[in-house]
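Down below is the structure, laid out as structure tokens.
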Amino acid sequence: MKNLKTAVFTLAIMTIATISAYAQSKAESKTEKFMLIFRGGYTHLQNANDSKEAQGYIQSWITWMQGLGHKGILVGGENLYRTGKQVNGKNKVVTDAPFIVAKEMVNGHLFIIAKDINEAVEIAKGCPIFQESGKVEVRQVLKSEN
Amino acid sequence: MKSLKTLVFTVAIMTMSTISSYAQLKVDGKTEKFIFLFRGEDTHIQTANYDLKEVKEYIQLWINWQQGLAEKGILVGGDPLQTTGKQVTGKSKVVTDGPLIVAKETVDGYLIVNAKDLNDAVEIAKGCPLLTKEKGKVEVRPLQKQN
Numbered sequence: 001m002k003n004l005k006t007a008v009f010t011l012a013i014m015t016i017a018t019i020s021a022y023a024q025s026k027a028e029s030k031t032e033k034f035m036l037i038f039r040g041g042y043t044h045l046q047n048a049n050d051s052k053e054a055q056g057y058i059q060s061w062i063t064w065m066q067g068l069g070h071k072g073i074l075v076g077g078e079n080l081y082r083t084g085k086q087v088n089g090k091n092k093v094v095t096d097a098p099f100i101v102a103k104e105m106v107n108g109h110l111f112i113i114a115k116d117i118n119e120a121v122e123i124a125k126g127c128p129i130f131q132e133s134g135k136v137e138v139r140q141v142l143k144s145e146n
Numbered sequence: 147m148k149s150l151k152t153l154v155f156t157v158a159i160m161t162m163s164t165i166s167s168y169a170q171l172k173v174d175g176k177t178e179k180f181i182f183l184f185r186g187e188d189t190h191i192q193t194a195n196y197d198l199k200e201v202k203e204y205i206q207l208w209i210n211w212q213q214g215l216a217e218k219g220i221l222v223g224g225d226p227l228q229t230t231g232k233q234v235t236g237k238s239k240v241v242t243d244g245p246l247i248v249a250k251e252t253v254d255g256y257l258i259v260n261a262k263d264l265n266d267a268v269e270i271a272k273g274c275p276l277l278t279k280e281k282g283k284v285e286v287r288p289l290q291k292q293n
């Protein structure tokens, strides 16, 4: 679990380090906040083994997030456990996971800052999840100004 | 757009006001963080018609619900998402326009709350105004802990 701790710790540090940069960019109104939603991939932090491949893959995530942190464009993020529940409709029917087709399941998210959707997409292309045929959904967070 | 501003402002304020209580709960080790992913929303605050009484009332329900969570000290944060976006897929990194997935499965927004366990989080989710609608769904997922 050492790598997991490192990853979470890295994320926390990078987030703190970028808060000032983010606040500054926001004041200039030149950037937008985007949510990257991760789906697919098969090496999840929760069940990753100690194989060289798995550890190398996790390291590539850490390196990628550190890179975003250094550029001052990482706002935050979290990994999700692969379990959960879903509450549905007016009758509030509670169903167990998997709620949706497994490959469409959300595994985690990051918040980044970018000039526009195209820049956010370019940033997303650096994500290691593509080594494992994953998908990254890129969505702009709704602003309060408009 | 007054309601939208109010809503976003409410989230921001409530988030700030709960940071201290959250920190305290976390130290006690009695709660975990959960994310609520909202799907199946047909009144999105980006496109909603604010002149309609039903829409105003519905948005007010959301504000009331979030304020209630904040007063209990269990609201950590959240954001609505714009209805548009892109998806980058697989090793060839193919970029596709929204709708990214079948429209009814699009994530419309999220909230992060503190709860004792998954069942407690589900009970909290049942109060969500989205569930006054037949197609509304709230996915409840525990966030990965450090230890």
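Protein chains in written order, with the numbering used here: chain A, 1 to 146; chain B, 147 to 293.
Each residue gets a CB set at the ideal place from its N, CA and C atoms; glycine is no exception.
Remember, predicted model here, so these are calculated numbers, not experimental data.
Take the alpha-carbon of T63 of chain A and the one of D50 of chain A: they are about 18 Å apart. Using a Cβ-Cβ cut-off of 8 Å, T63 of chain A does not count as an interface residue toward chain B, since no Cβ of chain B sits closer than that to its own. When only Cα atoms are considered, E53 of chain A and K239 of chain B end up about 21 Å apart. Within chain B, the residues Q233, V234, T235, G236 have their CB atoms less than 8 Å from the CB of K135 of chain A, given in chain order. The beta carbon of I220 of chain B sits no closer than 8 Å to any beta carbon of chain A. DSSP links R139 of chain A through a beta bridge to A:M35, B:G231. Here DSSP, grouped into helix, strand and coil, assigns K202 of chain B to helix. Residues of the segment 196 to 214 of chain B that bring their beta carbon within less than 7 Å of a beta carbon in chain A are absent altogether. In this structure, G282 of chain B sits near E187 of chain B, with a CB-CB distance shorter than 8 Å. Contact between the segment 271 to 286 of chain B and the segment 86 to 94 of chain A is present: 3 or more CB-CB pairs across the two stretches fall below 8 Å.
In this structure the segment 254 to 266 of chain B does not lie against the segment 56 to 72 of chain A, because fewer than three pairs of beta carbons, one per stretch, are closer than 8 Å. Residue-level contact by beta carbon holds for V241 of chain B and chain A, with a gap shorter than 8 Å.
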